[in-house]
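Participant: The following block contains the structure, expressed as structure tokens.
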Amino acid sequence: MEWHSFFIGLLSASFAYALFSQNEDEEPIIEKDQNDDDIEINDFTARHVTLSCQTCRKLKRHKEIEPNLFQCVKCKRHVDIRVS
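Counting from 147, one number per residue, gives the positions in the sequence shown under this note's numbering.
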């Protein structure tokens, strides 16, 4: 085996390992408590969460404008996760 073939194979293997071994954070799972239907929210404070934006196609910060209704900080697209 020639040395340049060995180094090309080693470089290809390290590239494939780096490509497939990335651990990206998953979207946060928001669980709904069964007793949430009886609770009314009077003191609403806006919070920022990281969600996947469909327009930006990336994980972006979203601001909560209503309970469980979020707006992308960059493109202003609304993400509604309210239960119907």
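No residue lacks a Cβ here, since even glycine has one placed at the ideal position from N, Cα and C.
Exposed or buried, what is Phe-166 when buried is set at 16 or more other beta-carbons lying within 10 Å of its beta-carbon?
Facilitator: Label assigned to Phe-166: exposed.
Participant: Nearest CA to the CA of Lys-222: which residue from Phe-153, Ala-162, Cys-199?
Facilitator: That would be Cys-199, whose Cα lies nearest to the Cα of Lys-222.
Participant: Out of Arg-207, Ala-192, Ile-227, which one is the CA nearest neighbour of Leu-215?
Facilitator: Measuring from the Cα of Leu-215, the nearest candidate turns out to be Ile-227.
Participant: If we call anything under 8 Å between Cβ atoms a contact, is Arg-203 one with Thr-196?
Facilitator: No, these two residues do not count as a Cβ contact at 8 Å.
Participant: Which of the three DSSP states, helix, strand or coil, is assigned to Ser-158?
Facilitator: In the structure shown, Ser-158 sits in a helix (DSSP, three-state: H, G or I).
Participant: Going by beta carbon distance, what residues of the same chain come within less than 6 Å of Ala-192, once the five residues before and after it are set aside?
Facilitator: Counting only Cβ-Cβ distances below 6 Å, and skipping sequence neighbours, we find Lys-209, Glu-210.
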